Each structure stands twice: as C-alpha cells, then as structure tokens.
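Participant: My questions will all concern the structure given below.
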Amino acid sequence: MTSVAQLLAGSGLPRAEARLLLAEALETTVEALIARPERSVDDACAARYARLRARRVSGEPIAYLRGRKEFHGREFVLSPAVLVPRPETELLVELALARLRGRPAPRVLDLGTGSGCIAVTLALECRPASVVAADRAAEALAIARDNARRLGAAVEFVLSDWFSQIDGRFDTIVANPPYVASTDPCLRALAHEPHGALAAGPDGLADLRRIVAGAPAHLNPGGWLAVEHGYDQGPSVRGQFARAGFDAIETHRDLAGLERVCLGRWAAAGRD
C-alpha cells in the first residue's frame with residue numbers, strides 16, 4: 002500500500018485537483034487528507050484514484066468526475082448531459098433576484114435550464130415566485146428535476162426548444178444559452194461538455210437572437226429579460242434588445258471585469 006502523500010506527490014496534477022480526486026476515491030474530505038498525509042491507501046482505492054486522475058489528465062472536468070458542483074452555495078448533481086455551472090452565471094441569478102424582490106407572486110421562466118442551477122436557485126431564494134424551467138434536452142431536464150427534488154425547490158419543468166412549448170407570460174425571463182461561435186478554438190478545450198449547450202452558429206449569437214426576439218410575447222408589461230453572453234457580444238446583444246423594443250437596457254460585468262449579462266425591461270404594453 003502507498004500513502005496519501007505519495008499519491009499526491011506523483012499525480013502530475015495541481016495539488017488542489019489531486020486532493021479533490023483522491024478524496025473522492027477514498028470517500029472522505031480534503032480536510033481529512035490534509036490532516037493525515039501519512040494515511041495508507043489500499044490498492045482498490047488507489048486504482049479508483051488512478052482512473053479519476055487519468056480522466057482528468059485527458060481534460061474531463063472535475064465536476065463530471067465528482068458528479069457534482071457547487072453553485073450559489075448549493076451542491077448540484079451533474080452529468081456530461083449538462084454544462085458545468087460557472088461562477089459568472091451567479092451574476093445572472095443576482096440580477097434576476099434584484100428585479101424580483103418586492104413583487105408579490107412573480108412568474109419566472111428559465112430557458113435552457115441544463116442542470117437547473119438557475120431555476121432552483123431562483124425558486125429557493127425567492128419563495129413567492131412561480132418558476133418554470135425549460136430545456137430542449139430530455140436528459141438535461143431529468144437532471145434538473147433531480148436537483149430540484151433534492152434541494153426542495155418547487156419548479157415546473159417543460160420540454161421546449163426555447164419558447165416553442167411555453168404558454169403564458171412572465172415577470173422575469175432568464176437564459177444562459179449557447180453563445181460560443183461554432184468555429185471558436187476554445188471549443189476543443191470544452192470537448193467533454195455538450196456541444197449543443199455551448200455553440201450557437203458562426204458568430205455565437207443564433208440562440209440569443211431567438212430568445213431576445215421571442216421574449217416580448219412572453220413578458221408582462223414591466224417584465225425583465227436577462228441573458229448571459231460572451232465577453233465580446235455586449236454591443237450586439239444590446240442592439241438586439243433595443244430593436245426588440247426593450248428599454249432600461251443594461252450590461253453588467255463579471256468578476257473578471259468582462260461584459261457578461263445584458264438585461265432589459267419590456268415596458269411597451271400593446272406593442273407585441
């Protein structure tokens with residue numbers, strides 16, 4: 002048998018990643034590994050760790066290897082059928098919550114829900130809200146439903162290609178759609194995540210155009226649309242909002258200082 006310290010020393014991975022994977026293999030915590038680096042690891046656990054390590058070296062996200070990822074202070078179950086939640090998407094959630102506060106019983110729609118991290122968080126952080134989450138992938142909806150059940154969130158799930166199966170109007174619509182250009186070299190580094198949830202045509206704006214154009218027919222007067230987009234897409238997305246008839250259009254930057262979320266208010270009753 003070998004020790005925790007020996008396995009970590011020979012991992013070839015950043016120490017933090019190696020600890021996470023070894024803790025997963027041993028079904029323990031990172032803190033326990035740090036406290037007892039001399040702990041012996043039996044052959045079965047060492048082999049389990051070796052498999053996880055090999056998958057990580059091949060580029061597979063740690064979140065898939067562990068089957069879960071934290072988002073907005075809660076742990077969400079994942080699989081390669083859905084994107085790994087990113088910290089920058091928490092900005093989208095915070096902006097949506099700010100516009101829901103004070104409304105007695107708002108209706109909220111989350112388009113392209115994936116793991117359900119946005120819809121579940123909004124439902125739990127804004128209890129008066131009635132939240133609908135849509136996705137065009139049945140596998141994604143199954144994961145989102147499981148996350149809602151585990152975390153105790155009341156969310157209605159709909160199998161829908163953006164607005165195609167959505168009825169009624171909402172006070173807030175949020176979306177983190179695909180926004181990477183189909184020719185962007187960065188997609189190679191994201192090969193383990195679902196391509197259809199990342200790429201959106203030659204300029205990455207195909208799905209954003211559909212969402213912005215379709216939103217007015219599903220928003221109450223004074224309702225808000227908030228979308229996440231690529232770091233260089235802010236001017237184009239603001240233009241789409243303006244042409245669709247939104248006002249109070251804003252772009253907010255993420256913690257890296259990059260333009261990341263655009264939102265606007267549908268205030269023109271009768272225009273749609």
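Using the working numbering, the letters of the sequence shown correspond one by one to residues 2 to 273. Glycine is no exception: its CB is placed at the ideal position from the N, C-alpha and C atoms. These numbers come from a predicted model, not from an experiment.
With a threshold of 7 angstroms on Cβ separation, who are the neighbours of R254 within its own chain once the five nearest residues in sequence on each side are excluded?
Facilitator: E260 and R261
Participant: Within 10 angstroms of its Cβ, does G103 collect 16 or more other Cβ (buried), or is it exposed?
Facilitator: exposed
Participant: Where does C263 fall in DSSP's three states?
Facilitator: strand
Participant: Can you tell me whether E251 is buried or exposed, with buried defined as 16 or more other CB within 10 angstroms of its CB?
Facilitator: exposed
Participant: Buried or exposed for Q241, please, with buried defined as at least 16 other CB atoms from any protein chain shown within 10 angstroms of its CB.
Facilitator: buried
Participant: Since P178 and L209 should fall inside the 8 angstroms C-beta cutoff, what is the C-beta to C-beta distance between them, to a whole number of angstroms?
Facilitator: 6 angstroms
Participant: Run the CB neighbour count on T90, radius 10 Å, all protein chains shown included, and call it buried at 16 or more, exposed below.
Facilitator: buried
Participant: Could you check whether L110 and A135 sit closer than 8 angstroms to each other, using their CB atoms as the reference points?
Facilitator: yes
Participant: Use the C-beta contact count for I167: other C-beta atoms within 10 angstroms, 16 or more gives buried, fewer gives exposed.
Facilitator: buried
Participant: Run through DSSP, which three-state label would R254 get?
Facilitator: strand
Participant: If you count every other CB in all the chains shown that lies within 10 Å of the CB of A24, and 16 or more means buried, which is it?
Facilitator: buried
Participant: Look up I167 in the DSSP assignment and say whether it is helix, strand or coil.
Facilitator: coil
Participant: Whose C-alpha, out of Y65, R87, L92 and F72, is nearest the C-alpha of P81?
Facilitator: Per the Cα distances, Y65.
Participant: How big is the Cα-Cα spacing for D1 and A257?
Facilitator: Given that the chain is displayed from residue 2 to residue 273, the structure contains no residue 1 and the question cannot be resolved.
Participant: Does L9 have its Cβ less than 8 angstroms from a Cβ in chain C?
Facilitator: Of the chains in the structure shown, none is chain C; there is only one protein chain.
Participant: Taking DSSP's pairing of strands, which residues face D248 in a bridge?
Facilitator: R266
Participant: Using a Cβ distance threshold of 8 angstroms, determine whether the stretch 83-99 contacts the stretch 219-229, with at least three qualifying pairs required.
Facilitator: yes
Participant: Tell me D136's beta-bridge partners as DSSP assigns them.
Facilitator: L160
Participant: Answer yes or no: do F158 and R108 have a C-beta to C-beta separation smaller than 8 angstroms?
Facilitator: Not a contact, by the Cβ cut-off of 8 angstroms.
Participant: Report buried or exposed for A17, applying the criterion of at least 16 other Cβ atoms within 10 angstroms of its Cβ.
Facilitator: exposed
Participant: Pop quiz: R75 and L152 are said to be a contact at Cβ under 8 angstroms. What is the actual Cβ separation, rounded to whole angstroms?
Facilitator: 6 angstroms
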